[in-house]
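Scroll down for the structure; my scribbles are underneath it.
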Amino acid sequence: MVFLFYILSAVMIISALLIVFNRNPVNNVIFLIICFIAMAGHYILLNAQFLAVVHIIVYTGAIMVLFLFVIMLLNLNKAIIPHKSRATRIAAVITGGIFFLVLIAATRQTIEIHPRYPFTSDIGLVKEVGQTLFHEFLLPFEMSSALFISAMVGAIMFGKKDH
Amino acid sequence: MKEVSSAIQLIPLDNYIMLSVALFSIGLMGVLFRRNIIVVLMCLELMFNSANLLITAFSAYHSDTSGQVFVFFIMIVAAAEVAVGLSIVIMMKRNVESVDINLLNRLRW
Amino acid sequence: MVDQVPNIDIAWFVPALPLLGFLITGMTYKRLKHNQSGIIASTMVVLSFLVSTALYFILQSSGKDSATLTLFNWIAIGKMNIPFALLIDHLSLTMMLIITGVGSLIHIYSIGYMHDDDRVNSFFAQMNLFTFSMLLLVMGANYLVLFIGWEGVGLCSYLLIGFWFKNPAFNYAARKAFVMNRIGDLGFILGIILLFFTFKSVTFSEVFSQAASLQSGAPVITLITLFLLVGAVGKSAQIPLFTWLPDAMAGPTPVSALIHAATMVTAGIYMIARSSILYNLAPITLNVIIVIGLATALIAAIIGLKQNDIKKVLAYSTVSQLGYMFIALGLGAYSTAVFHVTTHAFFKALLFLGAGSVIHAMGGEQDIRKMGGLRDKMPLTYFTFLAATLAISGIPPFSGFFSKDLILSKAFEQNIVVYILALSGALITCYYMFRLLYLVFYGEQRLAGAHPHESPRVMTIPLLILSVLSVFGGFLNIPSIFGGDSKFMTFLQSAVFSKVSEEMTFSTEIGLILIPLILLSLVIWMAYQTFVKKALIPSVDEKPISYFGKLVYNKFYIDEIYSTIFEKPFGFLSDFFFNKVENKVLDPVVDGIGFGTSRLGTMVRRLQPGNMSFYLFAMVAGILLFIVFILII
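First to last, the sequence lines map onto chains A, B and C.
First residue of the first sequence? That's 1 in my numbering, and the numbers climb one at a time after it.
First residue of the second sequence? That's 164 in my numbering, and the numbers climb one at a time after it.
First residue of the third sequence? That's 273 in my numbering, and the numbers climb one at a time after it.
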């Protein structure tokens, strides 16, 4: 189990790094998909079955495809965009590194957390998620449909050509 | 089932925290120094996902379903945001003829 | 608030009328035609004179000695309450009558004299403003209203001396007058402040009633009187602040007549006479006044011996006569000083106006070495000038005799040295005045190509009126020896508190009259011999050879001494401050603030480059700092 965890983590981190440092946008999309699949693996490790499946369907299936479509639409090739100056790149890396350290340091100081509920491993099951979703989170669920409508309208409005 | 639960408890929470933080900062790096707006959006997605992972880990360890439902909502929002964001990218391509974010500098002093 | 004298309200017309004249001429001066401003201005002053006369009769008939008219409540801060009030008593009435009377004559004269000047309208506006300020000075019921007038006459003096401002030398003279006046004013202000601290009031009646309780010779009174004296020294051109008066002759002649003969320079004497109670309590100050007065009288007279400009001679004689008034004040004979002020106003104004007539006839020439033989061409001017010269020399029965003789007799009572010195001054005065008369009017006409003619009637009528006053003005105060009852002195007794003089024996009095008379006649004969018989006219480019002669010719080098002691160090100091401090320190600091702000703005501007990645960076940096901050706190 632990072994699995480490492999999945390694894959995720390596692919994430490759996203950042690779220049070809299509390659970036591929690496992100790999990252997402590894993440789905992590979800399964945590017994969040519903989430894992939804994750794959929504993210890798829909969002990444959308990205690919747009990249295709815009005809982005490798050599169009010049990269930033070296100083900026180093600054960005350093900033990211500092961020990492700060957050780790933040979490180092946490107190011991005790679980709130008695431990079950059932919570990732579709039945449980569904129960919570439709009992406590009904309103947000319905509201999200409104969110989608507005997102759709917005996307269409932006996409229209002016005459 | 016993194996699953014990399996979950085998991996300490700290690891998940560190993993999530690492992913977040890598995404942050990408946002800061990629000039292609689409890649910036992708790294943004990466940051979202690191948060998702963290919340899921916590919900698994606390046996609280609300965490996973919340992750669900985050995914919803992320999806909507990507849709709108990409349409903006298309509009940008039409106006500025490029997807370099440094060319969007009309809001100067 | 009216002080139980009926009709005293009209007192405020007296200063208000010249003020109105100033406002009218001042606001319409561009549109007034010839002579209109002169007529308006003169009318106002004449009306003031009539109101003053009416006030005299009102006061007499009411049986009271004084009346106060409060116009409005001026300063009321906490316990300090200073109303803007006018005091009508015998002293202020005397001064008012002199100012408005002689002033109106001079205004009428100026209509003729300033006839062809293009700025004649501003001239009359300024003259009216001056009259207003001077009236305020003498009518004030407290030291502060007096001070307003004091400052006002200083201002008008500056304006009028520098009337022909196109000439930079005249501007310098005007500035010099103003600055020297200012030095005196500083002393005056200190005196007022000290006065206020001591007596908690500046109103005359309150101060004087409180002062009666103080001890004679108290140091605070001596200090107050000394400070007030400094003010008087500046205003009345005594040593050491007298050099502005001869230079002030740069102004038009009517200005010299009005301001520097009859009124402004007598302001100091008025002020000291008004504060007679205070000065009686400070014998040290009185001695200082005698010394200053004597020195001034003598030095100015000596300088006047060698002057060759007609107006400068008269200027030095004014300074000298002011010295005499100061001697009288120092002797405690305040009313005598005021009497001399009155007679001096008559004959000095007459002298100046006559000189103006001469200058006008000679086409602007002022050097007496170039004049001569005007006696036949300008008989009226000659006779009036003669009358005035006789008056100033102190020949009976002219007015100057009565006032000067009174001063000399008071001096004889107190200090024989003072008497001898004052008498010598009188002799020198007589000598140079007759020198002036002979050189200007007698002998052959020396200026080629000039056609002197008598002045127009608008100028000669005031001369005539003044000459009548100079001749008969002395009869205002006939001393007992001649059977009179000293009307003028008794008139002033209610307001001015002179020292009571001892009775002198009849023979002493006769001696005191005859001895100067004999000596004066001798001097007149000497002058006649020198300047008429031998016709010893100083040549145009004569330079004195003897050491003393050079000293006198150059006015004892006093101007040069002042220049070295005061002007040069101040000039150096201000240059230093300008170059080193202002240009190198202050300017860079102030400019630097401006530059710094704009540079700061430029720097801050770079925070908003519009660049997306920069914004992202900034966001991340901010969040980082925030988290670190939370962690640390």
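For every residue, glycine included, the Cβ atom is placed at its ideal position computed from N, Cα and C.
In this chain, the beta strand (DSSP E) harbouring C:I347 covers 338 to 349. Residue contact check for B:N268 against chain C: a CB pair falls below 9 Å. Contacts between C:L896 and chain A, judged by CB atoms closer than 8 Å, involve T95, I98, F99, V102 in chain order. Using a Cβ-Cβ cut-off of 9 Å, C:L903 counts as an interface residue toward chain A, since at least one Cβ of chain A sits closer than that to its own. Linking C:V892 to C:F850 through their CA atoms gives a straight-line distance of about 53 Å. Judged by DSSP secondary structure, C:I354 falls within the beta strand (DSSP E) whose first and last residues are 352 to 361. As a beta-bridge residue in DSSP terms, C:T475 pairs with C:N414. Non-local C-beta neighbours of A:A146 in its own chain, meaning closer than 7 Å and more than five positions away in sequence, are absent.
Taking each of C:G424, C:R729, C:V804 in turn and checking the Cα distance to C:Y714, the smallest one comes out for C:V804. Pairwise C-beta distances place the segment 254 to 269 of chain B out of contact with the segment 308 to 327 of chain C, as fewer than three of them are shorter than 8 Å. The continuous alpha helix (DSSP H) containing C:K840 extends over residues 840 to 848. C:S592 is not a Cβ neighbour of C:L623, given a cutoff of 9 Å.
With a threshold of 9 Å between beta carbons, B:F187 makes no contact with chain C.
Taking 9 Å as the cut-off, the beta carbon of A:V20 is found no closer than this to the beta carbon of C:L896.
Rounded to the nearest angstrom, the gap between the Cα atoms of A:N22 and A:A52 is 27 Å. Taking C-beta atoms as the reference points, C:S481 and C:A449 fail to come closer than 9 Å. At least one CB of chain C lies nearer than 9 Å to the CB of B:N265. The C-beta of B:V259 comes no closer than 9 Å to any C-beta of chain A. Less than 9 Å divides the Cβ of C:G424 from the Cβ of C:S405. Bounds of the alpha helix (DSSP H) holding A:M72 are 64 to 74. C:I380 is positioned such that its CB atom lies closer than 9 Å to that of C:V730. CA-to-CA, the gap between B:A243 and C:P881 works out to about 30 Å. A straight-line Cα-Cα distance of about 25 Å links C:S473 and C:L601. B:D263 carries a strand assignment under DSSP once its states are collapsed to helix, strand and coil. Residue contact with chain C for B:F211: absent (no Cβ-Cβ distance below 9 Å to any residue of chain C).
Boundaries of the alpha helix (DSSP H) harbouring C:R729: 729 to 744, taken from the DSSP string. At a cut-off of 4 residues, the continuous stretches assigned as alpha helix (DSSP H) that sit fully inside the segment 194 to 251 of chain B are 200 to 225. With 16 or more other Cβ atoms inside 10 Å of its own Cβ, C:R546 counts as buried.
Considering only beta carbons, the part of the segment 245 to 258 of chain B lying closer than 7 Å to chain A consists of V245, A246, V247, L249, S250, I251, V252, I253, M254, K256, in chain order. Put simply, the backbone Cα of C:H306 is about 8 Å away from that of C:H387. At a cut-off of 9 Å between beta carbons, B:A214 makes no contact with chain A. A straight line joining the alpha-carbon of C:R454 with that of C:I556 spans about 25 Å.
Going by C-alpha positions, C:K584 is about 12 Å away from C:A533.
Residue environment analysis places A:L45 among the buried positions, since at least 16 neighbouring C-beta atoms fall within 10 angstroms of its C-beta. Within 10 angstroms of the beta-carbon of C:A522 lie 16 or more other beta-carbons, which makes it buried. Using a CB distance below 9 Å, the part of the segment 44 to 62 of chain A facing chain B consists of L45, L46, N47, A48, F50, L51, V54, H55, V58, Y59, A62, ordered along the chain.
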